[in-house]
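Using my numbering, read the sequence shown as starting at 49 and increasing by one per residue.
Reading through the structure tokens given below for one structure.
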Amino acid sequence: MTAQPRIGSVWARRIPDYPQHDRDFRVTGVFTKGDVTYVEVEDLETGSPSRGLLEYMLDYAEPLTGDDGTAY
Numbered sequence: 049m050t051a052q053p054r055i056g057s058v059w060a061r062r063i064p065d066y067p068q069h070d071r072d073f074r075v076t077g078v079f080t081k082g083d084v085t086y087v088e089v090e091d092l093e094t095g096s097p098s099r100g101l102l103e104y105m106l107d108y109a110e111p112l113t114g115d116d117g118t119a120y
């Protein structure tokens, strides 16, 4: 993970040797409960929402855009 996610940013998740798990997603929410941070995302291809622990959701992920839509 190279950066903290911000709502509206778009990320690409690419897992080496497991292309079936590759996906692009937009961050729709970031929240903390106790000492644990969660991320809510929307899959850009299917529109499916999902939620998970920050460190798991962003494993192998790189930001494609910032929260303002600017490409990296």
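The beta-carbon is built from N, C-alpha and C at its ideal position, and this holds for glycine as well.
> Expressed to the nearest angstrom, what Euclidean distance is found between the alpha-carbon atoms of TYR66 and PRO53?
Replying inline: In the sequence shown, residue 66 corresponds to position 18, counting from 1. In the sequence shown, residue 53 corresponds to position 5, counting from 1. Their backbone Cα atoms lie some 23 Å apart in a straight line.
>> Which residue wins for smallest C-alpha separation from TYR108, given the options GLU93, ARG62, GLY77?
In response: One-based indexing of the sequence shown puts residue 108 at position 60. Of the listed residues, the one whose Cα sits closest to TYR108 is ARG62.
>> Once the 5 residues before and after LEU92 are set aside, which same chain residues still bring their CB inside 8 Å of it?
In response: In the sequence shown, the residue the question calls residue 92 occupies position 44. Answer for LEU92: VAL58, ARG71, ASP72, PHE73, ARG74, listed in chain order.
> What do you get for LEU101, buried or exposed, if any count of 16 or more other CB atoms within 10 angstroms of its CB means buried?
Replying inline: Here residue 101 refers to the residue found at position 53 when the sequence shown is read from its first residue. So LEU101 ends up on the exposed side.
>> Measuring straight from C-alpha to C-alpha, what distance separates GLU90 and VAL84?
In response: Here residue 90 refers to the residue found at position 42 when the sequence shown is read from its first residue. Here residue 84 refers to the residue found at position 36 when the sequence shown is read from its first residue. Near 20 Å, if we compare the C-alpha coordinates of VAL84 and GLU90.
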